[in-house]
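This report refers to the structure that appears directly beneath it.
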Amino acid sequence: MSAGHHHALYLPGDTPVHRLPPQCKLIAAMGFAVAVVATPREAWGAFGLDVLLLAVVAAVGRIPPALVLRRMVVEVPFVLFAVAIPFIGLGERIEVLGVSLSLPGLWAAWNILAKATLGVVASILLAATTEPRMMLLGAERLRLPALLVQIAMFMLRYMSVILDQARRMRIARESRGFVARDIRQAPVLARSAGALFIRSYERGERVHLAMLSRGYTGQMPVIDDLPASWRQWSAAAVLPALALMTAVVARSLA
Amino acid sequence: MTPGSDSGTAVSLQVSGLAYAYPDGTQALFGVDLTITRGERVALLGPNGAGKTTLVMHLNGILTAGHGTVEVAGLPVRADTLREIRRRVGLVFQDPDDQLFMPTVREDVAFGPANLGVRGADLERRVTHALDRVGMLEAANRPPHHLSFGQRRRVAVATVLAMEPEILVLDEPSSNLDPASRRELAQILKNLDVTVLMVTHDLPYALELCERSLILSQGVIAADGATRSLLADDELLAAHRLELPYGFAPSAHPR
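If you're matching them up, the sequences are chains A and B in order.
For the first sequence, the positions run 1 to 254 when UniProt numbering is used.
For the second sequence, the positions run 1 to 255 when UniProt numbering is used.
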């Protein structure tokens, strides 16, 4: 049961990275991503430095490298796209192991891969050290549109309820001899999905009534203050600041 | 009946001549009259489709009366009184998953009072007190979907208690509970010092918890009296599609 008590992406811990207020970490991750994107693609050393920065964050947050590598799988579709560019790219071509590749294409692929990877690793670290619900509280403090934050909050809360309902419907189908073999069974599944949608929609209405009954006026009340001190903000700023400095130096040298 | 709360029997809830038709024209309530005095525990009995839920929706102004009035401790339910009405009437819904929508139990219990503007230590005190009254204090920091169904129902009661309501309205409180959870909830409800209106078709539960019962049938109050004598009247029960469980005799259950 204990495994189910935390969200799959979150790695419980009590390190300085875990303890930082979520709004600081969100801004830091975003600032880091912007700095990486602003780094010229020819600056190999700068990207090396960025990797080093993330490694330090991971070490402080006690995130095992293997876990980060495993989660980088989400980037695969992106990688496939990037790998195709050197083959289909135009311009000057070079021979690598007997295959003709486009030089600008290679640069473009490298550019995409390097920057996307750094961004993905930064978000993996953010997700591993911040509980999803804290992330939403942080987003709220950053004055993200309240409606979007509330929608995300309800998704977090009701995901398991809806999945459970879907599972019960599947068991009920199968108990009556249904087996999804090929496309001919699609209409049944489509109707199940429709029923699930209607049930979820009706639940939404009931939840709204329950909220109104307890004085909801369209605004989520602030229950927990999430104060962030200047020290915490400056601690969080170290990562994007160093990445930005790296980018600026790399640009001036280029 | 004299209005006013100067006597010892202050009125918690007064419904008079309440009629309501749904927008599609289906008439659900045909003039409901009832009075509940402070501190009473009353059961509202009725078969499915009798209009119980429709009536409950009127008590805190989610539906507004087509005809007639609802007053909570003297305050009429109107558009401009909704905020105070919703503080005074604590509605506990049938499915706790509808009621518990915040990421943790503590935040959920805090939602109501926070909407009323309670903050800080005051809010913390109310949350702790409400959870303590339903015996769920140790679950404060857990997400609601990791609790058992009975625990979720108890937390749902706490979310409403935290608003310090004048009257607690429970919609089918015993549904889907196993016997142990059912007994635990009954003990909690008995120990609360608030007015309770309990909507149910679980007749033994009504007998256990409520001195007085009302029967709502076809949109009107068909009977109002001591639970024990209503449940002993077989003809009355049969006329309103109410049935005791097999082998259950109200006379064999002394209070």
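Ideal Cβ placement from N, Cα and C applies to all residues, glycine included.
Over the uninterrupted beta strand (DSSP E) stretch that includes residue i, give me the two end residues.
| i | result |
| --- | --- |
| residue 165 of chain A | Taken as a continuous stretch (DSSP letters only), residue 165 of chain A belongs to no beta strand (DSSP E), being part of the alpha helix (DSSP H) at 146 to 175. |
| residue 27 of chain B | 27 to 37 |
| residue 195 of chain B | 195 to 200 |
| residue 220 of chain B | 220 to 226 |
| residue 212 of chain B | 212 to 217 |
Take the Cβ of residue i as the centre, count every other Cβ of all protein chains shown within 10 Å, and call the residue buried at 16 or more, exposed below.
| i | result |
| --- | --- |
| residue 108 of chain B | buried |
| residue 102 of chain B | buried |
| residue 18 of chain A | buried |
| residue 252 of chain A | exposed |
| residue 174 of chain A | exposed |
| residue 249 of chain B | exposed |
| residue 159 of chain A | exposed |
| residue 94 of chain A | exposed |
| residue 155 of chain A | exposed |
| residue 4 of chain A | Since pLDDT at residue 4 of chain A reaches only 44, below the 50 mark, its modelled position is unreliable, and no value is offered. |
| residue 190 of chain B | exposed |
| residue 134 of chain A | buried |
| residue 15 of chain B | buried |
| residue 2 of chain A | Confidence at residue 2 of chain A is low in this model, with a pLDDT of 36, below 50, so its placement is unreliable and no value can be given for it. |
| residue 201 of chain A | exposed |
| residue 16 of chain A | exposed |
| residue 24 of chain B | exposed |
| residue 243 of chain A | buried |
| residue 174 of chain B | buried |
| residue 253 of chain B | exposed |
| residue 183 of chain A | exposed |
| residue 3 of chain B | Its pLDDT being 45, under 50, residue 3 of chain B is placed unreliably by the model, and the measurement read from it follows with that caveat. Under this definition residue 3 of chain B is an exposed residue. |
| residue 140 of chain A | buried |
Between which two residues does the alpha helix (DSSP H) harbouring residue i extend?
| i | result |
| --- | --- |
| residue 32 of chain A | 22 to 38 |
| residue 98 of chain B | 96 to 99 |
| residue 184 of chain B | 179 to 191 |
| residue 45 of chain A | 44 to 60 |
| residue 234 of chain B | 234 to 239 |
| residue 199 of chain A | 186 to 213 |
| residue 84 of chain B | 82 to 88 |
| residue 237 of chain A | 230 to 253 |
| residue 88 of chain A | 76 to 88 |
| residue 205 of chain B | 203 to 209 |
| residue 168 of chain B | Run containing residue 168 of chain B: none in the alpha helix (DSSP H); it sits in the beta strand (DSSP E), 167 to 171. |
| residue 151 of chain B | 149 to 161 |
For residue i versus residue j, is the C-beta distance shorter than 8 Å?
| i | j | result |
| --- | --- | --- |
| residue 260 of chain A | residue 240 of chain A | Only positions 1 to 254 of chain A appear in the structure, and residue 260 of chain A is not among them; the question remains open. |
| residue 72 of chain B | residue 212 of chain B | no |
| residue 152 of chain A | residue 136 of chain A | yes |
| residue 113 of chain B | residue 133 of chain B | no |
| residue 240 of chain B | residue 46 of chain B | yes |
| residue 237 of chain B | residue 155 of chain B | no |
| residue 130 of chain A | residue 22 of chain A | yes |
| residue 24 of chain A | residue 230 of chain A | no |
| residue 91 of chain B | residue 199 of chain B | no |
| residue 152 of chain B | residue 214 of chain A | no |
| residue 29 of chain B | residue 54 of chain B | yes |
| residue 39 of chain A | residue 237 of chain A | no |
| residue 58 of chain A | residue 68 of chain A | yes |
| residue 116 of chain A | residue 9 of chain A | no |
| residue 62 of chain B | residue 197 of chain B | no |
| residue 62 of chain A | residue 107 of chain A | no |
| residue 211 of chain A | residue 192 of chain A | no |
| residue 137 of chain B | residue 131 of chain B | yes |
| residue 199 of chain A | residue 150 of chain A | no |
| residue 40 of chain B | residue 88 of chain B | no |
| residue 31 of chain B | residue 18 of chain B | yes |
| residue 94 of chain B | residue 184 of chain B | no |
| residue 225 of chain B | residue 51 of chain B | no |
Please list the partners that residue i has in chain B, where partner means a Cβ-to-Cβ separation under 7 Å.
| i | result |
| --- | --- |
| residue 203 of chain A | 98 |
| residue 215 of chain A | 83, 86, 87, 112, 115, 116 |
| residue 133 of chain A | 103 |
Give me the chain B residues within the contact set of residue i, using Cβ-Cβ distance strictly less than 8 Å, ordered along the chain.
| i | result |
| --- | --- |
| residue 79 of chain A | Here the premise fails: no neighbours, minimum Cβ distance about 34 Å. |
| residue 206 of chain A | 93, 95, 98 |
| residue 156 of chain A | 103 |
| residue 60 of chain A | Chain B residues near residue 60 of chain A: none, gap ~26 Å exceeds 8 Å. |
At a cut-off of 7 Å, is residue i close to the ligand FMN when judged by its beta-carbon and the heavy atoms of the ligand?
| i | result |
| --- | --- |
| residue 65 of chain A | The ligand FMN is not part of the structure shown, which contains no ligands of any sort. |
So which residues on chain A does residue i lean against when the C-beta distance must stay under 8 Å?
| i | result |
| --- | --- |
| residue 107 of chain B | 223, 224 |
| residue 145 of chain B | 157, 160, 161 |
For a contact defined as C-beta to C-beta under 9 Å, what are the partners of residue i on chain A?
| i | result |
| --- | --- |
| residue 167 of chain B | The contacting residues do not exist; residue 167 of chain B stays about 13 Å from chain A at best. |
| residue 163 of chain B | 214, 215 |
Run down chain A in chain order and give the residues with a C-beta less than 7 Å from the C-beta of residue i.
| i | result |
| --- | --- |
| residue 60 of chain B | 213 |
Sequence ranges, alpha helix (DSSP H) only - wholly within the stretch 96 to 151 of chain A, length at least 4 = 103 to 129, 132 to 141
List in chain order: all unbroken beta strand (DSSP E) runs of 3+ residues lying wholly within the stretch 115 to 147 of chain B.
-> none
Please list the segments of the alpha helix (DSSP H) lying wholly inside the stretch 34 to 73 of chain B, counting only runs of 4 or more residues, in order along the chain.
-> 52 to 59
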